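Each residue of the sequence shown is one higher than the one before, counting from 28 in our numbering.
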Amino acid sequence: MPTDTPEGERLQKVLARAGIGSRRACDDLIAAGRVSVDGVVAEPGTRVDPETQRIAVDGTPVTTRTDIVYYLLNKPMRVVTTADDPEGRRTVMDLVPDEPRVFPVGRLDYDTEGLLILTNDGDLAQLLTHPKHGVDKTYLAEVTGSPSDAIVRTLAAGVTLDDGPTAPARVRVVQRSGGRTALELTIHEGRNRQVRRMCEAVGHPVRRLVRTRIGPLRDDRLRPGKWRALTNAEVRKLYASTGEADLASGT
Ligand code: URA
Numbered sequence: 028m029p030t031d032t033p034e035g036e037r038l039q040k041v042l043a044r045a046g047i048g049s050r051r052a053c054d055d056l057i058a059a060g061r062v063s064v065d066g067v068v069a070e071p072g073t074r075v076d077p078e079t080q081r082i083a084v085d086g087t088p089v090t091t092r093t094d095i096v097y098y099l100l101n102k103p104m105r106v107v108t109t110a111d112d113p114e115g116r117r118t119v120m121d122l123v124p125d126e127p128r129v130f131p132v133g134r135l136d137y138d139t140e141g142l143l144i145l146t147n148d149g150d151l152a153q154l155l156t157h158p159k160h161g162v163d164k165t166y167l168a169e170v171t172g173s174p175s176d177a178i179v180r181t182l183a184a185g186v187t188l189d190d191g192p193t194a195p196a197r198v199r200v201v202q203r204s205g206g207r208t209a210l211e212l213t214i215h216e217g218r219n220r221q222v223r224r225m226c227e228a229v230g231h232p233v234r235r236l237v238r239t240r241i242g243p244l245r246d247d248r249l250r251p252g253k254w255r256a257l258t259n260a261e262v263r264k265l266y267a268s269t270g271e272a273d274l275a276s277g278t
């Protein structure tokens, strides 16, 4: 497929609109051979169709399609992460706009709170949920009791669950008070109820669980039940965090 679309828009204008930089800076990126269109290094003067062509800078896709949306939701407790719940409970879909139709990337348990991405970008969803590329996710877990340092080390080294041992995690004690402990755990596996099962396995069941980070994404100001659109820079960072940006850009 030819990369140049004579009736299309100038590539530097499309890049600038996507927040990559000024048109001048985007010109420089193109001249340096750092921009590809449908997997082919773009020449200065290239014109593109931003709705159909895949544009990447340094192999990381640039979001130029206006029909692709990315939401960051702060999921509250007692909301199901599915499109449709047979039991009629509130779902995450009830908390974001109906159109265009999006789907959740991965899932949080009914009682887990915190950050969840919803999008209609199947490539990104696949990269983020694939075990090979899975990005780190951080959780704040309030557990019962006061785990010893040895138990914290065990959680970090890996505990054996009924579906096998967990991969090494980063675990730290945030606060101990009144018979409860706040632990911060960073894992990159996405096994079912993993954090709850890990803490249960070492004798400290989770009382409250909040996801506070997905790869490069954090947001301390987003209130439970609220969503916001990701910025172009955040989408680029997410793609880059999967370490397989080239896969998604087709290069
Ligand atoms: N681990 C859990 O136990 N629950 C979640 O919702 C996410 C990670």
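Ideal Cβ placement from N, Cα and C applies to all residues, glycine included. If you're wondering where the values come from, they're calculated on a predicted model, not measured in any experiment.
{"Check": "Using the Cα positions of Met-104 and Thr-239, report the straight-line distance between them to the nearest angstrom.", "Outcome": "14 angstroms"}
{"Check": "So who's on the other strand from Gly-191, going by DSSP bridges?", "Outcome": "Leu-188"}
{"Check": "Would you check whether the ligand URA has a heavy atom nearer than 6 angstroms to the C-beta of Thr-139?", "Outcome": "yes"}
{"Check": "Which residues bound the beta strand (DSSP E) around Glu-114?", "Outcome": "Unbroken run through Glu-114: none, as it is neither H nor E."}
{"Check": "Check each candidate in Leu-38, Thr-90, Val-68, Leu-42 and name the one with the smallest Cα separation from Val-75.", "Outcome": "Leu-38"}
{"Check": "State yes or no: is the C-beta of Leu-143 within less than 7 angstroms of the C-beta of Leu-154?", "Outcome": "no"}
{"Check": "Below 8 angstroms on the Cβ atoms is my contact criterion, and I expect His-215 with Val-170 to pass it. Report the Cβ-Cβ distance as a whole number of Å.", "Outcome": "About 21 angstroms; that fails the 8 angstroms criterion."}
{"Check": "In this structure, does DSSP put Leu-22 in helix, strand or coil?", "Outcome": "Since the first residue shown for the chain is 28 and the last is 278, residue 22 is missing from the structure and cannot be characterised."}
{"Check": "Is the Cβ-Cβ distance between Ala-26 and Leu-236 less than 7 angstroms?", "Outcome": "Residue 26 is absent from the structure shown; the chain starts at 28 and stops at 278."}
{"Check": "In or out: Val-200 buried (at least 16 other Cβ within 10 Å) or exposed?", "Outcome": "exposed"}
{"Check": "Using CA atoms only, rank isn't needed, just tell me which of Leu-151, Asp-55, Thr-79, Glu-78 is closest to Glu-70.", "Outcome": "Asp-55"}
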